[in-house]
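Read through the structure below, which is laid out as structure tokens, and then see the notes.
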Amino acid sequence: MGVVVGLLLGTGLFLVWWACWAPDPGADRSGGPGRRRGGLRESLLQAGFTAVTPRALVVTSVAAGATAFLLAVGVSRSPTVGGCFAVLASWGPVAYVRARARRRRAVLRDLWPEVVDNLTSAVRAGLSLPEALTQLGERGPEPLRAPFVAFGRDYRATGRFGESLDALKARLADPVADRICEALRVTREVGGSDLGRLLRSLSAFLREDARTRGELQARQTWTVNGARLAVAAPWLVLAMLSTQPQAVAAYDTGTGALVLAVGGGVCLAAYRLMLWLGRLPDDERVLR
15 MGVVVGLLLG
25 TGLFLVWWAC
35 WAPDPGADRS
45 GGPGRRRGGL
55 RESLLQAGFT
65 AVTPRALVVT
75 SVAAGATAFL
85 LAVGVSRSPT
95 VGGCFAVLAS
105 WGPVAYVRAR
115 ARRRRAVLRD
125 LWPEVVDNLT
135 SAVRAGLSLP
145 EALTQLGERG
155 PEPLRAPFVA
165 FGRDYRATGR
175 FGESLDALKA
185 RLADPVADRI
195 CEALRVTREV
205 GGSDLGRLLR
215 SLSAFLREDA
225 RTRGELQARQ
235 TWTVNGARLA
245 VAAPWLVLAM
255 LSTQPQAVAA
265 YDTGTGALVL
275 AVGGGVCLAA
285 YRLMLWLGRL
295 PDDERVLR
């Protein structure tokens, strides 16, 4: 029985490690540790947790799993049941960060057209590109002001537009921001008179994309929530049964542990399939 519990706990911790440290499919496969942590670091930035490091999130996940294991064992007196809830709890912090990042991306998707409109107005008024970006720290949408304030601070300290723009892209970690920054970089380096037209076209495209995504998400929300409830229901039942000594004794056998392991695998596969079928395609950061 100790071997089964160890395998379950080890599998759960490996899944957490794999989800946190696997390289981003669209990133450079150079093999450096920064590249391997790029996906998780980007999720933290998109979620607004700029002060949290990937290592701290992994430590939090392990601590949550260990705490859940001790609590479940204390209630059910079953290491097998405790191992199941340890795996679920260890995935909780990562799932929370990714869910928050998705919600924040949805909010910012509606704000980017306003940012582009402000840039267009600033360029039309004759402001330089650094000034146009800096003024967004005061006049831009509230959730996006801090990165542009930091850009103004960086540019005043160094006077290097390219490096300050790279730092802004890293703080925003958004494909739309990448497009805007690269358009401004090209305009500053090689010149051109089509920046205003480009920004107006980008603003119209972003508004149309946000409207279409909003309609699709409104239609599929009830389906996704129903699927999540269906996945969570068996584990809620297991939590209630863990207070019954007869049920705990059944799951404490080799057959019971196998049932829990197979059930966890089926739930994971079904949940991933639901996400794959219901998720709308996101823009990739091809201009990092």
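Position 38 of the sequence shown, counted from 1, bears residue number 52 in the working numbering, the numbering being contiguous throughout. The C-beta atom is built at its ideal place from N, Cα and C for all residues, glycine as well.
Taking residue i as the reference, give the member of the options with the closest Cα.
i: aspartate 131; options: Ala275, Ala139, Ser217, Thr257; result: Ser217
i: methionine 288; options: Ala241, Thr172, Thr269; result: Ala241
i: glutamate 203; options: Pro189, Arg221, Phe175; result: Phe175
i: leucine 222; options: Leu125, Ser256, Val111; result: What sits at residue 222 in the sequence shown is glutamate, not leucine. Residue Leu125 is the option with its Cα nearest to glutamate 222.
i: glycine 268; options: Ala171, Pro93, Asp168, Leu186; result: Pro93
i: alanine 146; options: Ala253, Ala136, Ala232, Pro155; result: Ala136
i: proline 155; options: Val129, Ala65, Tyr169; result: Val129
i: arginine 123; options: Ala244, Asp188, Ala82; result: Asp188
i: leucine 291; options: Gln231, Gly106, Arg117; result: Gln231
i: alanine 77; options: Gly106, Ala65, Gly88; result: Gly106
Check the C-beta distance from residue i over to residue j and give it rounded, since I have them as a contact under 8 Å.
i: leucine 54; j: proline 68; result: 4 Å
i: serine 104; j: glycine 96; result: 12 Å between Cβ atoms; not a contact.
i: threonine 134; j: glycine 79; result: Going by Cβ atoms, the distance from threonine 134 to glycine 79 rounds to 49 Å, so no, they are not a contact pair.
i: phenylalanine 99; j: alanine 86; result: 4 Å
i: proline 157; j: arginine 185; result: Not really, about 13 Å apart at Cβ, beyond 8 Å.
i: serine 142; j: valine 108; result: Going by Cβ atoms, the distance from serine 142 to valine 108 rounds to 42 Å, so no, they are not a contact pair.
i: proline 127; j: leucine 198; result: Going by Cβ atoms, the distance from proline 127 to leucine 198 rounds to 17 Å, so no, they are not a contact pair.
Please report the straight-line C-alpha distance between residue i and residue j, rounded to a whole angstrom.
i: alanine 275; j: arginine 293; result: 27 Å
i: threonine 226; j: glycine 270; result: 47 Å
i: valine 163; j: leucine 150; result: 8 Å
i: arginine 286; j: glycine 279; result: 11 Å
i: leucine 213; j: valine 273; result: 57 Å
i: arginine 138; j: glutamate 229; result: 33 Å
i: alanine 247; j: phenylalanine 63; result: 30 Å
i: alanine 263; j: aspartate 180; result: 58 Å
i: glycine 277; j: alanine 70; result: 30 Å
i: glycine 140; j: alanine 61; result: 34 Å
i: threonine 237; j: alanine 284; result: 14 Å
i: arginine 101; j: proline 144; result: A quick correction: the sequence has valine, not arginine, at residue 101. Whole-angstrom Cα-Cα distance: 48 Å.
i: tyrosine 110; j: leucine 84; result: 22 Å
i: glutamate 298; j: leucine 252; result: 39 Å
i: aspartate 208; j: isoleucine 194; result: 13 Å
i: alanine 224; j: alanine 261; result: 49 Å
i: proline 39; j: lysine 183; result: In this prediction, proline 39 has a pLDDT of 39, which is less than 50 and means its spatial position is unreliable; nothing more can be read from the coordinates.
i: alanine 113; j: threonine 81; result: 22 Å
i: leucine 282; j: alanine 244; result: 12 Å
Please classify residue i: is it buried, with 16 or more other beta-carbons within 10 angstroms of its beta-carbon, or exposed?
i: phenylalanine 235; result: The question names phenylalanine, but residue 235 is threonine in the sequence shown. Exposed, by the Cβ-count rule.
i: serine 215; result: exposed
i: threonine 148; result: buried
i: glutamate 56; result: buried
i: glycine 173; result: exposed
i: leucine 250; result: exposed
i: valine 190; result: buried
i: valine 121; result: exposed
i: valine 200; result: exposed
*Output the residue ranges of the alpha helix (DSSP H) runs that lie fully inside the stretch 185-250 and measure 4 residues or longer, sorted by chain position.*
189-204
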